[in-house]
Structures are given as structure tokens and as C-alpha cells.
Amino acid sequence: MVTVEIKTKISSLDERINAMALQGESPLGTQEYFVNMGPQHPSTHGVLRLVLKLDGETVREIIPVLGYIHRGMEKKAETLGYRQQVHLTDRLDYLCSVMNNWVVSAVVEKAAKIEINDRIQTIRTIFAELQRVQSHLLWWGVFGMDLGAFTPFLYGFRDREKITKIFEETIGARLTMNYIQPGGLMYDIHPDFVKDVKAMISYMKPMFKEYDELVSGNIIIQERLKNVGILDAQSAVALGASGPVLRASGVAHDLRKIKPYGVYEKVDFSIPIGTVGDCWDRYSVRMLEMRESLKIIEQLIDSIPEGKHLTMKPGAKIRPPAGIYYEQMETARGIFGVFLHSDGSEKPSRVHYRTPNFHNLWCLTKIAPGGRIGDLVSIISSLDVVVPDIDR
Amino acid sequence: MKTVIVARPGDGNFVSRFFYGVKSLLTGMRVTFRYLVHPSTVVTQQYPENRKTLKLAERVRAQLSFTFDENGFHKCTACHICEQQCPNASIHVMDRKPAGSTKSELDTFIWRLDSCTFCNLCVMVCPFQVLKMNSNFESSVYDQKLLVYNLTPYAGPASSVLMKVADVEERKKLIDARGPYDGPTALSGFPLAGISKQVFPETTQIGAPQ
Amino acid sequence: MSVSSVSQDIASHLGSAPEISAAYFVAGLLGTVTFLTVMALILIYAERKVAAHFQCRLGPMRVGWHGLLQSVADALKLILKEDIVPYSADKFLHALAPVFAVVAMLLSLIAIPTSSRLALSDSNIGVLYISAVSGLGVLGILLGGWSSNNKWSLLGAMRAGAQIISYELSATLSVLVVIMLSGSLKLSAIIHSQEAGWWIWRAPGVGLLAFLLFIVSSTAEINRTPFDLAEGESELTAGFHTEYSGMRFAFFFLAEYLNLFVVSALGATLFLGGWMPFHIGNFSGFNAAMDLIPEFIWFMGKTAFLIFLSMWFRWTFPRLRVDQLMKLEWKVLMPIGFINLLLAAMMTLFGFYFFATT
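Residue numbers (the numbering used here), protein chains in the order written: chain L, 5 to 396; chain Y, 131 to 340; chain S, 0 to 357.
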């Protein structure tokens, strides 16, 4: 029997705050103070709570406090069959629901050795990219609003609606899709799907110019984002950041290229990379990613292969052999991974989600101190956190 | 790996930055002004007024409902597959065995809108295509209890059995009428049977799924 | 402040019995307050409609025809709403702050002439009076933020204090240009000095620059986007009025829109000739044609244009950061203002502007 001595002190929030307060020392000799940002705050995007130590306007230290929307998703998944737990992932990162579904389906397919055809893969890829654009559009709107410009918010939602309509037409849902199932797709694509996607692409392309005129080119935006919240590549990797946050720091890491899944190896697209890792780079990386995603869709939309949309009976039992399975993919916010431990029964014995936002959030503690409150808001927004994904 | 380096705004000297700033602000103002003077760009949908013209996609999942054949009979054989597949226990199929028969038939089909996540699994697994999601999204009611529906209008065998009975009067003897709030539920042991008659006598039909 | 000149006018026609005079004074006062309240309601409605159409929306459509009565309904709602005072707030100051904000605005409105006959008080230090009194508004914001006993409110109030006091400098510098050119602090005299043309174009370059400076700094003074740091919805939840609800919040809201009106009216008066029709020097035919449009319409039209400009800014631009705000004022606007003032001084000295009389 080996006893392990736990050396890390697990301190409560109060203890951490008290420890922080003792260090307080301002160059002007003024008093530092604590402010709770959230759980109800307009720019914490839900119920994220940040305990801030402020010196006037300057953020000195920051503690994210989680758990306000913890729903026990991973435990819940243990009580559900492999097919049923797909719909839970809609509710993690609700802006990437199709991509989350895909990861769970992929890991179940890998575990139970379910064959899928090219048609399914192509449609999955198209939907994932549509959702990437949709997610980034929403982020763009909210980002504008966080910086005080209300109009981009509505423009973003207006254009996002074009993609949401496509989802609604084929999937029948706008947010919680539950579209990608182990073994295929819930529905085949709608007869108008190809036409509508093409119409959407031709609508979206001139819109990017407008976004640049309204937001990207704006001097206030540029000045507020440039050299704010610099996350260097080493810290980004050390903190486990992924997705646009990591790529903005200059690390060319994208699972779509490194370990292609779906039909990504057949299409030609490039990965936007930042140089400095500040808010501006994170902003531009996402803006370019939208264009690249449209490029991917354009290449695939005309050549969707024929085939069935579901390779197995929808009610068939799935019993993967006992073992440990892991699959990860690049969602709009970073790497979403699903760890599955199967004991050979109809239900997994352990499920773990590696969610991108949980890791991206902790970059905040590294990059926010030293900036103003206004900087903090733009940093939170540029990290693009979705709180249900953090807490699960 | 094919990568592109994102562009960064120029640092420039103070004067050029100043003039760039003025120009960029004017460009932004031009964008918003264009929308102001073009009322055709308005995208607002005035919802309750546009009910008549509002068209939802046919696959929209808003309420679970039964499909019926041309005689108004359903094909449900009370096989419980949908109940087993439902991840949230939102479906309870209550079956009955008529006197002198060994085959069970559908009595009430309880669907709890309040816990349904519209994952569509029940629709996908139904072997007889009895269930479908319809786009009737106006499902708000004044009491949470009213979100527990019985989907079938009658208790009785599936249409395949019923149609074997040639006489219409004989058929009617095989089935019993059911209201949208009829039937017990297995959940928590709360009796829901007759809730509409006792507690909400007038509201029986309001909000019932189509 | 003396009795309003309108009531004096009317009283002089009807005889100068003190009770009649007093009655007209009260009537004038009530009329003014009613006019201003209605004005604020109209402005709120206009803002919502303009904002909506900037954003591809329709805005209020339900209450009345195209939502015309929406702001009335909102006002009624705010009156009926429970007025919540935080437990640990300084109750007296908490109640006083919105009053300060509104009263400061009402006071500054007294001095603005709306037409050649209609001016409540034509003091010979009108401009000075307005810039002094409108500075009182910041007191309301500071008191409101401090007395709420909320750190976000306090942050908003401190931001507002620093911002308004800083930007008052460049606003005053741009106003000084007009004062120098017209040679008077009296608002009616400033308007009369623009009989040959508005200062915005009559003083080549300098007038326009001063006008732009005034627009920017006055937008900052009334806490509107891109300078809405005091409220900063996404940063400070609602800034100084986080803890206000019901009628007290409505007072801040009213003050904000009256502020907008005052600043625009002042801008119109100083740079766009106030109620003075569009005149070009000695082209008497053209000038006579322009005179056909009533003075009051000219005044309101110019004010409305400036208000629209302010709304346009608000619904296009993001918010500045607090240090950039200070940088913009002290490093950009102030130097420009000083240089502009110097140019204006030389211009005045040598009569180097259009239709100079000297």
C-alpha cells in the first residue's frame, strides 16, 4: 500500500482572495479593491464569474470562478446509451453543436467499428464548416458589442441567420441539432440544400468587405486590440490553449491539417496564423477562418458523393468492445476531445470531454493582469469563451 | 502545412495614423448610413402579426405528434422502442390488454414537453413511422403540468388490426376516446389522469398538440 | 436669472401688474418643462427608430402608429415602477443625484434662443453661463455613482468625472473661436453676427475645425458612444446608474437626452447660426428667399441635424478605452484646439474671413 502525500494545497476561494489582498501594493500608495465581475455581467457571456483585484482601472489579478452552470454532463453520459448521449454534446458548446456531435459519433464509430461512407463524411464536413462560419459570425457580433459598438451585433446575427436557415431546413433545429449520429446522419440533406448553400456563399462574400469597413478597419477597434492581451506561443501551449487562440499566438496547429478527418485532406485551404498573439491577431485569425471555411464549402458542395445517409439501422444496439477510446477534432473554438471508456455494455462506463473553452479560459489569468477593465472585456471576448462548455 | 499570416494594422507615424483614423471612421459611417437610407434591408419579422405568412421549414422540430392514416387511425403497436430510446424519459407508452386478448395495444402515449430535448431519436427509431415532429412551435401554457400530453386521441389497437374489422360499429367498440391530458404517468407516481377535468376544466383543449 | 423675456414681452403688452406677470412666469415655466419633457420623449423615440434602421431593424412598432407612443408607455412604466434604493446607499445623496442631473440641464436650456423673439433669458454672458451650468451635470453623475455604494457605479462616476472635466477644455477652446470671431458672449449677438453667413464656413477652415472639435468634445461631455465610458454597458454593467431604478433612473435618462438637445442646440447656435436662416453675404434676393422659412424651423432643423449626427456616431463606433480617451483629449484635441484658437485670433485681427465688416 503506497500512500501519496498531496503537496498541492487546495485552497478555497476565500483563502485565495485573502492571499491576494495581502500582496496588494500600488505604486501610488492607493488602495486596491476587489470586484466581482459576473456571474451576472453583460460581457462574461453567461454565468462566468471573475474575481478581479483592481488598482483603479488596472486589473492586477484575476481568478475565474467556475461552476455556475455545471450540469454533470459527463456523469449523465454514463447513464445513457452511445446513441443517446450525442444530444448532450449539443449543450456543451452550443455554437458548435454539430461539430461536438461529430466527435462523439466518431469515437463511437471508432470503438464499435462502424463503417461510414464518403457521402456522410462530405456532408459532415460541410456542416462543420457551415457551423464554424456561423459560430464566428456570432462571435464577431458579440465582440463588437463588447467593445461598445452595438451595430455589428445585429449585422452578425442577420448574416448568421442565413446559415441558421440552412440548418433549419435540413436538420430541423437551429441550435441544438443532434444531427450527426453514430453511423451517419439523422436526415439526408434537403433537396434545396446545395442551392441554398451556394446562395449563402455568394451573399457572404461581399459581406466580409462590409465587416472590414465597419469594424476591422475602424481606428478605435484597432487601437483597442493592438498589443492588448499578448499571449506568447509558449504560454499558449503550456496553458493548453487551442483553436484560434493558439493559432493567433503563432502556433500552426490545426487538427484539420495535422490529423485530417472527414474529407479535409481532399480540400485545399490554409490556416491563418497570428504573429504577436494579441487580441488583434485572435480577431483577424477568426475573420480569415470564416473565409477559409467558405472556401472549403465551395470545393465540396458540388461534389457530394451518392450514398446512404445512415449506414446502420437507427435503433440498432451499439456495443463497443471493452477498451479506452479517444477522438478529437477542431471545433470553432479549439480542440474538442471525447474520452470513452467502454466495458462492453450498452453504456459507457466513463466519459470525459476535453473542451476547448476550459483551457482557453485560463489564458485569461495569464494575459489580463496589467490591462484596464476595457482591455479585460476585449480579452474575454477575443478568447471567445462559451461558459456551458467550461462547466459542462 | 499551408498557412497565411494575418495582416496587422500599421503602426505608422502619428499624423498618418490620425488621417487614417478619420478616414476609417467616415468609412464606417458610410456603411451604417447605407442601411439607414435603404429600408428594404430591414430584416425584422413582426411575429404575431405575420402568423399567416410565417413559413417554417418542414423538418422543424417543435412538438412531437402522431401520424394518422386516412381513416384517422394510428399504426402504433405499443412496442415501447421510443420509450427505451428517449434519453430523458420524456415518453411513457401505456398499453392495455383488452379482455380475451393476449396482444397489448396502445392506451395512452404520454409525452412530456417539459423534459423533451427534441433529439428526434424517438422519431428515428419508430418502426412504423407513427411519430413525427411538427413545426407547431407555439407551445406555451400557463401551468407546467399542462406540458404533459397524451398524443393519441383514442386507446385501441393499431390501424392494421382495426382495418381487419369490416364493420364500422364493431370498430368503434374496440376503441375508447382519449383527451390530450388523459392517462396516468409513471413519473414520480403523480397521477395525471383526469388532471384536465379536475383542475383545469376549461383548458382541456388549449395548447393541445395538433 | 430674470423673468423670461417672452413673458416680459407679453406682460408689457397687457400691463405690468405683478400678479399677471407672475402668472405668465409660471405659465412660461410650466410650458418650458412640458416642452422639454415632450422633447426628450421625442428624442428617445427618434433615437430608437434611427438606431433600428441603422441596424436593419424596425424599432418600436407596437404602441401607437409605428410605435409613436412607445416612449410615453416607457415613461409611464418607469413612473409606476418600484424605486429600489440599495440598503447601504447614502439615501439622501442617492435621491439628490438625478435631480442635479436634470436641473443642470434645465438651467442651461434657459439661455438658448430658439428664435429672434423666443428666448427665455438673453443674458450677456450666455455662453459662459451655459458652459458653467452644464458642468453641474457631472455633479449628478458623481453623486449618483458614489452614493450607490457600488464599485461599478463608483468606477463609472470617476470615469465620467475625469472625462467631462477634460473634454470641457477642448469644448471651451472651440467655443472661444466663435466668441472671438463674433466678439460677444451674448448668444443673440453671436447669432446676429452670423447674419452674413454661419461661422462654420465664413471663417475658412477655422470654423469647420472648431465645429468638429466641438462635436467630438461635446459628444464626450454628454457621455455618448464612442465616449460612453461612464455607462460602459459591457464593462461596468450600467456605470453610474447601475443602482437606479424607476423614476430616478428616468431622470438620468431624461437628463441624458436633454443634454443631447442642449449640446446640439448650442452647437447649432454657435456654428450654424442658431435661428438665423442660411445667408450669403449681401445676396439679398437669396437671403430674402431663405428668410421665408420660419426662424424656429431653422433652429430646430439645425439642432435635429446635429442630434442625428450624434446618433450616427453612437450606432457606428465602438467605445474608446479609458486611457485612449484621455490621450485623445490631451494629446490630440487640446493642441488642435489651441492652434485653431491662434488661427482664429489672427483671422479676427486681420479680418481674414468672408464678408468681414471691419
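No residue lacks a Cβ here, since even glycine has one placed at the ideal position from N, Cα and C.
Hey, out of the options, whose CA is closest to residue i's CA?
i: L:Ile277; options: L:Met190, L:Tyr329, L:Leu292, L:Val271; result: L:Leu292
i: L:Thr315; options: L:Val39, L:Lys80, L:Asp122; result: L:Asp122
i: L:Ser297; options: L:Pro264, L:Ala336, L:Arg286, L:Asp285; result: L:Ala336
i: L:Arg87; options: L:Ser109, L:Asp97, L:Asp94; result: L:Ser109
i: L:Ser186; options: L:Ile67, L:Ile300, L:Ile322, L:Leu142; result: It should be pointed out that residue 186 of chain L corresponds to Pro in this sequence rather than to Ser. Answer by Cα proximity: L:Ile322.
i: S:His278; options: S:Ser217, S:Leu141, S:Trp198, S:Ala74; result: S:Trp198
i: S:Ser169; options: S:Leu208, S:Leu35, S:Phe295; result: S:Leu208
i: L:Phe154; options: Y:Gly158, Y:Ile135, Y:Gly151, Y:Asn143; result: Y:Gly158
i: S:Ala156; options: L:Ala132, L:Lys230, L:Glu61; result: L:Glu61
i: S:Leu212; options: S:Arg223, S:Ser173, S:Pro112, S:His65; result: S:Ser173
i: L:Val201; options: L:Gln238, L:Gln135, L:Phe273; result: L:Gln135
With DSSP collapsed to three states, give me the class of residue i.
i: L:Gln88; result: coil
i: S:His191; result: helix
i: L:Pro352; result: strand
i: Y:Leu186; result: coil
i: S:Phe351; result: coil
i: L:Lys317; result: coil
i: L:Leu17; result: helix
i: S:Thr302; result: helix
i: L:Gly188; result: strand
i: L:Ser47; result: coil
i: Y:Gln176; result: coil
i: L:Met181; result: coil
i: L:Gly341; result: strand
i: Y:Leu317; result: A caution first: Y:Leu317 carries a pLDDT of 41, below 50, which makes its placement in the model unreliable, though a value can still be read off. Three-state DSSP puts Y:Leu317 in a helix.
i: Y:Lys227; result: coil
i: L:Phe38; result: strand
i: Y:Asn201; result: coil
i: S:Tyr256; result: helix
Which residues of chain S have a Cβ atom closer than 7 Å to the Cβ of residue i, listed in chain order?
i: Y:Thr174; result: Arg56, Leu57
Roughly how many angstroms lie between the CA atoms of residue i and residue j, to the nearest whole one?
i: S:Leu135; j: L:Phe38; result: 30 Å
i: L:Ser382; j: L:Gly145; result: 13 Å
i: L:Glu217; j: S:Thr315; result: 11 Å
i: L:Ser349; j: L:Asn105; result: 21 Å
i: L:Met333; j: L:Pro264; result: 9 Å
i: Y:Phe320; j: L:Asp395; result: Its pLDDT being 48, under 50, Y:Phe320 is placed unreliably in this model, and the value from its coordinates should be taken loosely. Y:Phe320 and L:Asp395: Cα-Cα distance of roughly 33 Å.
i: S:Gly160; j: L:Arg162; result: 37 Å
i: S:Gly245; j: S:Glu167; result: 30 Å
i: L:Phe147; j: S:Ala237; result: 18 Å
i: L:Val355; j: L:Leu243; result: 23 Å
i: L:Thr83; j: L:Pro352; result: 8 Å
i: L:Arg164; j: L:Ala132; result: 14 Å
i: S:Ile140; j: S:Pro97; result: 8 Å
i: L:His194; j: L:Glu173; result: 7 Å
i: Y:Asp244; j: Y:Val223; result: 17 Å
i: S:Thr302; j: Y:Asp273; result: 52 Å
In chain Y, what lies closer than 8 Å to residue i by C-beta?
i: L:Tyr4; result: Here chain L covers residues 5 to 396 and nothing more, so residue 4 of chain L does not appear.
i: L:Gly319; result: Ile211, Gln215, Met254, Val255, Pro257
Residue i versus chain Y: which residues are under 7 Å apart at the beta carbon?
i: S:Met60; result: Gln176
i: S:Thr315; result: Gly158, Met159, Thr162
Give the residues of chain L in contact with residue i, contact being defined as C-beta atoms less than 8 Å apart.
i: Y:Arg138; result: Lys230, Thr279, Val280, Trp284, Asp285, Ser288
i: Y:Thr197; result: What Y:Thr197 touches in chain L: nothing, since even the nearest Cβ is about 16 Å away.
Which residues in chain S have a C-beta closer than 8 Å to the C-beta of residue i? List them in chain order.
i: Y:Pro169; result: His52
Please compile the residues from chain Y whose C-beta is within a distance smaller than 9 Å of the C-beta of residue i.
i: L:Asn222; result: Gly151, Ser154, Leu155, Thr157, Gly158
Quick one: list the residues of chain A neighbouring residue i, beta-carbon separation under 9 Å, in chain order.
i: L:Glu217; result: In the displayed structure, chain A is absent; the protein chains listed are L, Y and S.
Just the chain S side, please: which residues come within less than 9 Å of residue i by C-beta, in chain order?
i: L:Ile379; result: Checking the displayed sequence, the identity of residue 379 of chain L turns out to be Asp instead of Ile. Those within 9 Å of L:Asp379 in chain S are Arg320.
Can you list, in chain order, the residues of the stretch 225-250 of chain Y whose Cβ is nearer than 8 Å to any Cβ on chain L? In summary, the residues of the stretch 225-250 of chain Y whose CB is separated from some CB of chain L by less than 8 Å are Thr247, Phe248, Cys249, Asn250, in the order they occur in the chain.
By the 9 Å beta-carbon criterion, what residues does the stretch 144-175 of chain L contribute toward chain S? Those residues of the stretch 144-175 of chain L that come within reach of chain S (Cβ to Cβ, closer than 9 Å) are Gly148, Met149, Asp150, Leu151, Gly152, Ala153, Phe154, Thr155, Pro156, Phe157, Leu158, Tyr159, Arg162.
Contacting positions in the stretch 145-177 of chain S - beta carbon closer than 9 Å to chain Y: Answer in chain order: no residues at all.
Cβ-based contacts, 9 Å cut-off: residues of the stretch 268-280 of chain Y near chain L: Per Cβ criterion, the list is empty.
Beta carbons nearer than 7 Å to chain Y: which residues of the stretch 256-277 of chain S have them? The residues in question: there are none.
Near-chain Y residues of the stretch 187-214 of chain S (beta-carbon distance less than 8 Å), N- to C-terminal order: Along the stretch 187-214 of chain S, there is no position whose C-beta sits under 8 Å from a C-beta of chain Y.
Got a sec: which bits of the stretch 46-76 of chain L sit with their beta carbon under 7 Å from any beta carbon on chain S, in order along the chain? Answer set for the stretch 46-76 of chain L: Pro46, Ser47, Glu61.
Just by C-beta distance, which residues in the stretch 320-338 of chain S are closer than 7 Å to chain L? Shown in chain order are the members of the stretch 320-338 of chain S whose Cβ falls below 7 Å from a Cβ of chain L: Arg320, Val321, Asp322, Gln323.
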